[in-house]
């Protein structure tokens, strides 16, 4: 008699192969797997960008002092000149110098073609703030770091691959505040944004900050927000919750004020989603842990990892498809990059054996597979 795990794997493999049959190329191609080791117990929360010469640049968090969120860590870079088939050895980009660590990378190609690197500089459990460096030579060198949050010291979480530059030129950093010096910790989170209208030279806090409540008025967790610009100029924010789905809200003024957060149809555990625009179709794509019941899932776990497309600016989503399906897997903190005819994902792909956040994977999804829904 087959055990539950075997049944699960058979079912999810069938789902994967069912989608793969229509694609002309390998639809889901692993490009890089960064395993943990005794001296490097965790690799996680990175981002990918295509350089001007076509090379791929991956910057991620390499932990050396343990696998916990507050353990010592540096930011390291790896480069591929052959589309991801091979990668350079890790090279330190931002070294931990005092405090707890540096982690959680966002790479952003600015409208003036410079590359901005955003990350969290975690000085203490009461001081964790987004920080920015600029490269004018395609990530070979970086400017001195500048802190983006200067109005109030606190513990602000900016996820990896979350920095966005709007068509107007404004840069927006959606964050969750959890604690400040001398203030009680708020694990449920307060959502706000930091905005820059001068390419990151100066920053200001959004007019709105807000907590989360379910339709019955009960306080819920709101954490790890992300933002995507819609075709009509509005912004859509998506936020992980403990209320069974991603919550969404909208802004009509570039991120200063926001509508009341509400449940979306993206059923999920307490795990972040990623939503970006597909350049070759103009549709939105979402990568998240789909717990709608379309695919088998263990309650409360960050599996399976799925993808779905919206053709109406996030109002509704098409049927999800499976990317990763191990019932013991832990898939989260995704970064999306579109390179030529592929969607690249960098994400945590751990399991019970190595730890949920400790293994980093880079995966290429073919344009044909993404379109065959």
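In UniProt numbering, the protein residues as written are 1 to 373.
Where is the CB? At the ideal position from N, CA and C, for every residue including glycine.
Because the structure is a prediction, the values reported are computed rather than measured.
- Under the 8 Å Cβ criterion, the region 237-248 counts as touching the region 261-278, having at least three qualifying pairs.
- Cβ contact annotation for residue 146 (same chain, cutoff 6 Å, sequence separation greater than five): 132, in chain order.
- Residue 117 is positioned such that its CB atom lies no closer than 9 Å to that of residue 129.
- A straight-line Cα-Cα distance of about 12 Å links residue 157 and residue 69.
- Boundaries of the alpha helix (DSSP H) around residue 368: 367-371.
- By alpha-carbon distance to residue 170, the top candidate from 183, 150 and 194 is 194.
- Spatial neighbours of residue 58 in its own chain (CB-CB distance under 8 Å, excluding positions within 5 residues in sequence) are listed in chain order as 32, 46, 47, 48, 77, 78, 79, 80, 87, 346 and 362.
- When only Cα atoms are considered, residue 340 and residue 127 end up about 39 Å apart.
- In the DSSP assignment, residue 165 is bridged to 171.
- Here DSSP, grouped into helix, strand and coil, assigns residue 114 to coil.
- For the beta strand (DSSP E) assignment, the uninterrupted runs of no fewer than 3 residues enclosed by the region 285-345 are, from N- to C-terminal side, 305-310, 321-324 and 329-339.
- The shortest C-alpha to C-alpha distance from residue 27 to any of 332, 321 and 286 is the one to 321.
- Going by DSSP, residue 207 is part of no beta strand (DSSP E) at all; its letter is neither H nor E.
- Excluding sequence positions up to five before and after residue 104, its CB lies within less than 7 Å of the CB of 45, 61, 119, 120, 158, 159 and 160, all in the same chain and listed in chain order.
- Residue state for residue 228 is assigned as strand, using DSSP reduced to three classes.
- Residue 329 is positioned such that its CB atom lies no closer than 9 Å to that of residue 296.
- Membership of residue 264 in the beta strand (DSSP E) is indicated by the continuous run 262-267.
- Taking C-alpha positions only, residue 352 is separated from residue 36 by approximately 13 Å.
- Taking every protein chain shown into account, the CB of residue 124 has fewer than 16 other CB atoms within 10 angstroms, so this residue is exposed.
- When only Cα atoms are considered, residue 227 and residue 178 end up about 19 Å apart.
- Excluding residues up to 5 positions away in sequence, 277, 309, 310 and 311 lie with their Cβ nearer than 8 Å to the Cβ of residue 283 in the same chain.
- Short of 8 Å from the beta carbon of residue 153, and not among the five residues preceding or following it, lie these beta carbons of its own chain, in chain order: 126, 127, 129, 180 and 181.
- Here the alpha carbons of residue 220 and residue 213 stand approximately 5 Å from one another.
- Beta-bridge annotation (DSSP): residue 249 is paired with 237.
- Pairing residue 254 with residue 113, the inter-Cα distance amounts to about 22 Å.
- The Cβ atoms of residue 256 and residue 206 lie closer than 9 Å to each other.
- According to the DSSP assignment, residue 132 belongs to the beta strand (DSSP E) that extends over 127-135.
- Under the 10 Å beta carbon count, residue 280 is surrounded by fewer than 16 other beta carbons and is classified as exposed.
- As the crow flies, the alpha-carbon of residue 354 is around 11 Å from that of residue 348.
- Selection 232, 251, 261 and 234 evaluated against residue 243 yields 261 as nearest (Cα-Cα).
- Taken through DSSP and simplified to helix, strand or coil, residue 178 comes out as strand.
- C-alpha of residue 38 to C-alpha of residue 249: approximately 42 Å in a straight line.
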